[in-house]
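Following: one structure in structure tokens, then a few remarks.
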Ligand code: MN
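In this note's numbering, the protein residues as written are 9 to 318.
Below you can see the structure in the form of structure tokens.
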């Protein structure tokens, strides 16, 4: 946390290697030690713009997920997605790909050779207890840009600026890319019951009086029906996230969102049992369609019980 102005907390990212041949680095702003969730948003990786010639691009072989949804959003480049629910799709700039893990899915994400620059974000949404064992699934949506004075927005989840995404969610959520003109100040009508996160991609942004630099995540608590954003000398690109406080404790480890340590241990074991000398075999997490990369084994569990966070 770098500051707190008018209740707005500005959080800075930490650099994390994603894996792949030359270990592409991502900037992780969620979870933070003191803040696990913003609404149901529980994970936020932001990366690039990266020259793929330097980083090797994105190469994430098959790995499992449970109890969450992944939301992929790109600014530049493409990612090829394959999952065990039978979906093979491209992630493209300005188009959201939402994958529901539910009780279990496995997928791979690889940037194709035609992608020279990779720039985007990967986010996770925790599923509420009532829905977390749902069937795995996948939805794609290309929002039409909506404009207001000084701003252009692409609303990929929830409602903003009169536009509503058709993508269904299990808890109320907001997810949108906003482009602000230099010098613009916009007052967005937002849901007073939502807390919000503002991830700055490019430019310096005023968030309800606090200042967020590129790559920062500004947290705005509930209780506001207007969110004021200000661009200074340069245009600003940002992701605006929101939702009502999640209200449930979660245990999050590796690619798993659970409720207890025991669930994590059991699901980790189920994934490990799918990895055999003959390759990935079927099980809770299935087998991604048409994937030939060797699966990623789960890392060892820590020697301590995993802690609940809320
Ligand atoms: Mn994944």
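No residue lacks a Cβ here, since even glycine has one placed at the ideal position from N, Cα and C.
Residue i: CB within 7 Å of a non-hydrogen atom of the ligand MN
{"i": "residue 73", "result": "yes"}
{"i": "residue 108", "result": "no"}
{"i": "residue 115", "result": "yes"}
{"i": "residue 263", "result": "yes"}
{"i": "residue 236", "result": "no"}
{"i": "residue 78", "result": "yes"}
Buried versus exposed call for residue i [16 or more other C-beta atoms within 10 Å across all chains shown]
{"i": "residue 36", "result": "buried"}
{"i": "residue 263", "result": "buried"}
{"i": "residue 239", "result": "buried"}
{"i": "residue 143", "result": "exposed"}
{"i": "residue 140", "result": "buried"}
{"i": "residue 42", "result": "exposed"}
{"i": "residue 303", "result": "buried"}
{"i": "residue 209", "result": "buried"}
{"i": "residue 22", "result": "exposed"}
{"i": "residue 112", "result": "buried"}
{"i": "residue 190", "result": "exposed"}
{"i": "residue 232", "result": "buried"}
{"i": "residue 216", "result": "buried"}
{"i": "residue 157", "result": "exposed"}
{"i": "residue 58", "result": "buried"}
{"i": "residue 72", "result": "buried"}
{"i": "residue 286", "result": "exposed"}
Nearest-angstrom Cβ-Cβ length linking residue i and residue j, presumed shorter than 8 Å
{"i": "residue 146", "j": "residue 97", "result": "7 Å"}
{"i": "residue 294", "j": "residue 114", "result": "6 Å"}
{"i": "residue 292", "j": "residue 44", "result": "Contact doesn't hold; Cβ gap of about 25 Å is too wide."}
{"i": "residue 31", "j": "residue 75", "result": "With 8 Å as the limit, residue 31 and residue 75 do not qualify as a contact, their Cβ atoms being about 27 Å apart."}
{"i": "residue 127", "j": "residue 82", "result": "7 Å"}
{"i": "residue 69", "j": "residue 301", "result": "4 Å"}
{"i": "residue 207", "j": "residue 235", "result": "Actually they are not in contact, since the Cβ atoms of residue 207 and residue 235 sit about 14 Å apart, beyond 8 Å."}
{"i": "residue 130", "j": "residue 179", "result": "Actually they are not in contact, since the Cβ atoms of residue 130 and residue 179 sit about 19 Å apart, beyond 8 Å."}
{"i": "residue 310", "j": "residue 91", "result": "28 Å between Cβ atoms; not a contact."}
{"i": "residue 237", "j": "residue 183", "result": "The Cβ separation is near 16 Å, so there is no contact."}
{"i": "residue 251", "j": "residue 181", "result": "5 Å"}
{"i": "residue 260", "j": "residue 39", "result": "7 Å"}
{"i": "residue 119", "j": "residue 65", "result": "4 Å"}
{"i": "residue 20", "j": "residue 226", "result": "Actually they are not in contact, since the Cβ atoms of residue 20 and residue 226 sit about 11 Å apart, beyond 8 Å."}
{"i": "residue 198", "j": "residue 204", "result": "7 Å"}
**Asked** Which ranges does the beta strand (DSSP E) cover as unbroken runs of at least 3 residues, wholly within the region 254-296, from first to last along the chain?
**Response** 259-261, 264-266
**Item:** Entirely enclosed alpha helix (DSSP H) segments - the region 48-72, minimum 4 residues
**Value:** 60-63
**Item:** beta strand (DSSP E) runs wholly inside the region 81-144, at least 3 long, in chain order
**Value:** 87-91, 96-99, 104-108, 113-118, 125-134
**Residue ranges of each alpha helix (DSSP H) within the region 152-200, 4 or longer** = none
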